[in-house]
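Residue numbers (this note's numbering): 1 to 104.
A virtual CB, placed ideally from N, CA and C, is assigned to each residue, including glycine.
Here is the structure we will look at.
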């Protein structure tokens, strides 16, 4: 009787741990998908703090960390897909830092 009860307890514990792991994986995947954006905006050059390029959209201002050279043109309209980098702080104090995934 005790062996059966011990076996059941181990099975329940294993199921509980598996459920917690699956839930954690779901949350990580959900958060990373949420941090990917696609927007239309205008490239803008800002001369302060050594100069930098930003992207102004209707939903907000973004600071691309990896803007390709061919898109560094003040006033250029672009469509972009990017990952918002909430783990980075910049010296510019302007816009949300983003990592460009695709830009046209």
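Shortest alpha-carbon distance to residue i belongs to which of the options?
i: residue 93; options: 54, 40, 67; result: 54
i: residue 46; options: 14, 79, 63, 16; result: 63
i: residue 41; options: 74, 6, 88, 86; result: 74
i: residue 88; options: 65, 71, 104; result: 65
Between which residues of its own chain and residue i is the CB-CB distance below 7 Å, once the five residues before and five after are set aside?
i: residue 59; result: 39
Report the three-state DSSP secondary structure of residue i (helix, strand or coil).
i: residue 61; result: strand
i: residue 91; result: coil
i: residue 102; result: strand
Where residue i and residue j are concerned, what is the direct C-alpha to C-alpha distance, given to the nearest angstrom?
i: residue 13; j: residue 99; result: 41 Å
i: residue 35; j: residue 95; result: 15 Å
i: residue 20; j: residue 49; result: 46 Å
Which partner residues of residue i appear in the DSSP bridge assignment?
i: residue 38; result: 81
Spatial neighbours of residue i within its chain, please: CB distance less than 6 Å, with the 5 preceding and 5 following residues excluded, ordered by chain position.
i: residue 81; result: 38, 101, 102
Residues in its own chain within less than 8 Å of residue i by CB, not counting five upstream and five downstream?
i: residue 7; result: none
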